[in-house]
Amino acid sequence: MTTNKSLSEAIAKHGTRRESLLPVLQYVISKERWLKEDLLEDVAAAFGMSPSEVYGVATFYSFLDTEPRGRYVIRVCRTISCDMAGKSAIIDALKNELKVGVGETTPDGLFTLLETNCMGWCHQGPAMLVNDDVYTELNPESVVAVVQKYRNMEKQ
Amino acid sequence: MSVSDKNKLLEKMQERVNLIFKDTDCGAILAKGLSMKPDDIINMVTDSGLRGRGGAGFPTGIKWRGAASASGNKKYVICNADEGEPGTFKDRRILDEQSDKVITGMAICAYAVGASEGYIYLRGEYNFLKDKLQSNCDRWNKIFNSKGINFSVNVRSGSGAYVCGEETALIESMEGNRGEPRNKPPFPVGAGYMNEPTVVNNVETLAYVATIIEKGADYFKSIGTKDSMGGKVFSVSGDCSVKGVYELPLGMTIEEFVNIFGDGDTKAVQVGGASGVCVPRKNFATTVIGFEGVPTGGSMMLFNSSRSMYHVLKNFLEFFEEESCGQCTPCRVGCQQLLKGIEAIRAGEKPMSYLDELRKLAATMSVASKCGLGQSVASPFNSITEHFREEICY
Numbered sequence: 134m135t136t137n138k139s140l141s142e143a144i145a146k147h148g149t150r151r152e153s154l155l156p157v158l159q160y161v162i163s164k165e166r167w168l169k170e171d172l173l174e175d176v177a178a179a180f181g182m183s184p185s186e187v188y189g190v191a192t193f194y195s196f197l198d199t200e201p202r203g204r205y206v207i208r209v210c211r212t213i214s215c216d217m218a219g220k221s222a223i224i225d226a227l228k229n230e231l232k233v234g235v236g237e238t239t240p241d242g243l244f245t246l247l248e249t250n251c252m253g254w255c256h257q258g259p260a261m262l263v264n265d266d267v268y269t270e271l272n273p274e275s276v277v278a279v280v281q282k283y284r285n286m287e288k289q
Numbered sequence: 030m031s032v033s034d035k036n037k038l039l040e041k042m043q044e045r046v047n048l049i050f051k052d053t054d055c056g057a058i059l060a061k062g063l064s065m066k067p068d069d070i071i072n073m074v075t076d077s078g079l080r081g082r083g084g085a086g087f088p089t090g091i092k093w094r095g096a097a098s099a100s101g102n103k104k105y106v107i108c109n110a111d112e113g114e115p116g117t118f119k120d121r122r123i124l125d126e127q128s129d130k131v132i133t134g135m136a137i138c139a140y141a142v143g144a145s146e147g148y149i150y151l152r153g154e155y156n157f158l159k160d161k162l163q164s165n166c167d168r169w170n171k172i173f174n175s176k177g178i179n180f181s182v183n184v185r186s187g188s189g190a191y192v193c194g195e196e197t198a199l200i201e202s203m204e205g206n207r208g209e210p211r212n213k214p215p216f217p218v219g220a221g222y223m224n225e226p227t228v229v230n231n232v233e234t235l236a237y238v239a240t241i242i243e244k245g246a247d248y249f250k251s252i253g254t255k256d257s258m259g260g261k262v263f264s265v266s267g268d269c270s271v272k273g274v275y276e277l278p279l280g281m282t283i284e285e286f287v288n289i290f291g292d293g294d295t296k297a298v299q300v301g302g303a304s305g306v307c308v309p310r311k312n313f314a315t316t317v318i319g320f321e322g323v324p325t326g327g328s329m330m331l332f333n334s335s336r337s338m339y340h341v342l343k344n345f346l347e348f349f350e351e352e353s354c355g356q357c358t359p360c361r362v363g364c365q366q367l368l369k370g371i372e373a374i375r376a377g378e379k380p381m382s383y384l385d386e387l388r389k390l391a392a393t394m395s396v397a398s399k400c401g402l403g404q405s406v407a408s409p410f411n412s413i414t415e416h417f418r419e420e421i422c423y
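Protein sequence lines, in the order shown, are assigned to chains B and Z.
When we follow the working numbering, the leftmost residue of the first sequence carries the number 134, and every step to the right adds one.
When we follow the working numbering, the leftmost residue of the second sequence carries the number 30, and every step to the right adds one.
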């Protein structure tokens, strides 16, 4: 039995048949943003799998993070159309605003800055995801406003 | 060409084909489909000439025939909405605006092949669509139930893996595994999800099925060309005067396309996404968009003369290097070496002639890789390095 609330909810919702493994991990990600090692061990126990196999599945998928992540995971599209539309300036603005590099999390645990591959908004680049939310046609000013929006949400 | 002339031309093109985004009575299409014999539906889809709209272009009717004649305890229909090809975003709009058509197409497919369960495998990047899509599935499931149709459809999510657009990788992912493509045969129509007969069709393909049932095979065939029948939904991005999602007939030349969408300075068009081919300006007039020329899943990326094709190729290779599942050596190592190779040539660490070695490596990958990912890297690599060799080296 797991003591993790998100995992208990995920298992209650999706069960522990093998084909439910991704839905369960996805549910935990939606609540906690990353998969801790002890949680993966609990998943393995619940699914009757070895922890290494669960880890192998989780690490295959770029959205099933196994490294610590902030509450808001920012993924800036780096593929060619967004790149040509000015992705570098967006990354620079985010680095400057958040004071972290790509792959890093802010010390307050709020934001993780990542790059991602084509996310399907090529005609409205540069684009990024903040968790599941999509932001398009960004510029260095508007992207700072997006960050501020999430900061304000946290203050409320 | 002036903007108003371009718009007129585009309107004229679109008049000929306005199927996908036009609202229609899907309940009536479903009723019509269910009034036909399963075999007649498969014949109709085969006769329409519909080929897979995800990019590979496999004839849809033949795929359905395979699943219909396969024996299994249960059969499945999967809508491949793992739209990850760089430059492609048309399925997102279809699912956002016309999911009724997609679900209707799935239900008709299920009836035709004898399937009872359907799944829409939605890429993780489109999670924002998931609740809306699942609600619509729930609504249709009630309709199926009330009409006594033994079929239900639900959404499953991906989690950020391009390779899961490959149908057997998608199935592995749905089964709770790493998204590593399987050896083929067996093909999914014989042994797919849960080892049972499974049809995997692209979003757009299934939406066109609804159109074909509604309007008939002859109507669909009358659009496009002998080898490329019907309309096609294009995703247009890059250096363009207009960008976005457009349904157009297949069979137009790149020149016609660029005249409408280009910014007046187009030097190359990448047809079919990162895994497609790069067509240089000198070939625009002679290259047909369709299965007889350059096939495409609909991604059209335009580059003007300010762009470095080295930068474009490097961006594509970085993409493939990261998205290669790593299962087979030609793809895993090949993608890395192609990337390192062009960087070394650019840095002057390798002679220009090294590019020919790399082109051979790409050709080897196209025959030795296990799935379409590694097999198709040669398409961008060899077309870009053939037509823009000097840009790669200097």
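Built from N, CA and C at the ideal position, the CB exists for glycine as well.
Strand pairing of residue i, partner residues [DSSP]
i	result
Z:Met329	Z:Val265 and Z:Val300
Z:Gly253	Z:Met258
Z:Pro424	Residue 424 of chain Z lies beyond the residue range present for chain Z, which begins at 30 and ends at 423; the question has no answer from this structure.
Z:Glu146	Z:Tyr105 and Z:Ser181
Z:Val4	Since the first residue shown for chain Z is 30 and the last is 423, residue 4 of chain Z is missing from the structure and cannot be characterised.
Z:Leu151	Z:Ala110 and Z:Ser186
B:Arg208	B:Leu247 and B:Leu262
Z:Gly323	The sequence given here has Val at residue 323 of chain Z, not Gly. Z:Ile318, per the DSSP bridge assignment.
Z:Gly370	Beta-bridge pairing links Z:Gly370 to no other residue.
Z:Gly291	Z:Cys269
Residue from the options whose Cα sits closest to the Cα of residue i
i	options	result
B:Ala218	B:Asn264, B:Thr136 and B:Asn272	B:Asn272
Z:Asp76	Z:Ile413, Z:Val362, Z:Ser353 and Z:Ser251	Z:Ser251
Z:Ser257	Z:Asp68, Z:Phe320 and Z:Leu158	Z:Phe320
Z:Glu285	Z:Lys379, Z:Asn312, Z:Gly370 and Z:Met65	Z:Asn312
Z:Glu378	Z:Lys66, Z:Glu44 and Z:Cys422	Z:Cys422
B:Ser195	Z:Ala85, Z:Ser100 and Z:Cys193	Z:Cys193
Z:Ser353	Z:Gly113, Z:Ile107 and Z:Gly370	Z:Gly113
B:Cys251	Z:Tyr155, Z:Gly147 and Z:Met135	Z:Tyr155
Z:Tyr222	Z:Asn231, Z:Ala236, Z:Gly205 and Z:Val232	Z:Gly205
Z:Glu233	Z:Pro214, Z:Thr254 and Z:Gly260	Z:Gly260
Z:Gly189	B:Lys282, B:Val279 and B:Asp265	B:Asp265
Z:Leu162	Z:Thr240, Z:Glu225, Z:Ser128 and Z:Gln365	Z:Ser128
Z:Ser337	Z:Ala297, Z:Asp247 and Z:Ser164	Z:Ala297
Z:Ile242	Z:Tyr275, Z:Gly90, Z:Ala97 and Z:Asn333	Z:Gly90
Z:Asn165	Z:Val362, Z:Met65, Z:Phe348 and Z:Cys55	Z:Cys55
Z:Glu372	Z:Gly187, Z:Asp34, Z:Tyr339 and Z:Ile132	Z:Tyr339
Z:Ser31	Z:Glu420, Z:Glu386 and Z:Asn288	Z:Asn288
Z:Leu390	Z:Pro380, Z:Ala407, Z:Met381 and Z:Asp167	Z:Ala407
Z:Met281	Z:Gly253, Z:Gly95 and Z:Gln299	Z:Gly253
B:Glu274	B:Ile224, B:Leu154, B:Asp216 and B:Gly253	B:Ile224
Z:Gly84	Z:Pro380, Z:Ile318 and Z:Lys343	Z:Ile318
Nearest-angstrom beta carbon gap, residue j and residue i [assumed within contact, 8 Å]
i	j	result
Z:Arg207	B:Val190	6 Å
B:Ile207	B:Leu247	7 Å
Z:Lys119	Z:Val274	5 Å
B:Ser139	B:Glu165	5 Å
Z:Val74	Z:Lys104	Z:Val74 to Z:Lys104, Cβ: 16 Å. No contact.
Z:Ile107	Z:Leu48	Actually they do not touch by this definition, with Cβ atoms about 23 Å apart.
Z:Ala110	Z:Leu124	6 Å
Z:Asn183	Z:Tyr150	Not quite, the Cβ-Cβ distance comes to about 10 Å (not below 8 Å), so this is no contact.
B:Phe180	B:Thr149	5 Å
Sequence-distant residues of the same chain with beta carbon closer than 8 Å to residue i, five excluded per side
i	result
B:Trp167	Asp198, Thr199, Glu200, Pro201 and Arg202
Z:Tyr140	Gly62, Leu63, Pro67, Ile70, Ile178 and Phe180
Z:Ser412	Val306, Cys307 and Val308
B:Leu173	Pro184, Val187, Tyr188, Ala191 and Thr199
Z:Val393	In the sequence under discussion, the amino acid at residue 393 of chain Z is Thr, which differs from the Val named in the question. Answer for Z:Thr393: Pro359 and Gly363, listed in chain order.
Contact set for residue i: own chain, Cβ-Cβ below 6 Å, skip 5 residues either direction
i	result
Z:Ser405	Ser304
Z:Phe345	Ala303 and Pro409
Neighbourhood of residue i by C-beta, 7 Å cutoff - its chain only, sequence neighbours within 5 removed
i	result
Z:Thr117	Ser264, Gly302, Gly326, Gly327 and Ser328
Z:Ala397	Pro359
B:Val277	Ala226 and Glu230
Z:Cys269	Phe290, Gly291, Asp292 and Leu331
Z:Thr240	Leu48 and Phe249
Z:Cys357	Ser398, Lys399 and Gly403
Z:Ala236	Ile49, Ile123, Gln127, Lys130, Val131 and Gly134
B:Ala143	Val157, Tyr160 and Val161
Closer than 7 Å: residue i CB and nearest the ligand ATP heavy atom
i	result
Z:Gly143	For the ligand ATP, the structure offers nothing, since it holds no ligand at all.
> If you scan the region 40–125 of chain Z from start to end, which runs of the beta strand (DSSP E) of 3 or more residues do you find wholly inside it?
Replying inline: 105–110
> Between the region 88–109 of chain Z and chain C, which residues of the former have a C-beta closer than 9 Å to a C-beta of the latter?
Replying inline: The structure shown contains no chain C; its protein chains are B and Z.
>> Could you tell me which whole beta strand (DSSP E) segments of length 3 or greater appear in the region 158–231 of chain Z?
In response: 181–186 and 227–231
>> Restricting to runs no shorter than 3 residues, where is the beta strand (DSSP E) found entirely within the region 215–274 of chain B?
In response: 244–249, 261–263 and 266–268
> What alpha helix (DSSP H) runs, 4 residues minimum, are completely inside the region 333–362 of chain Z?
Replying inline: 338–352
> Where in the region 143–183 of chain B do unbroken runs of the alpha helix (DSSP H), each at least 4 residues long, occur, reported from the N-terminal end onward?
Replying inline: 154–165 and 170–180
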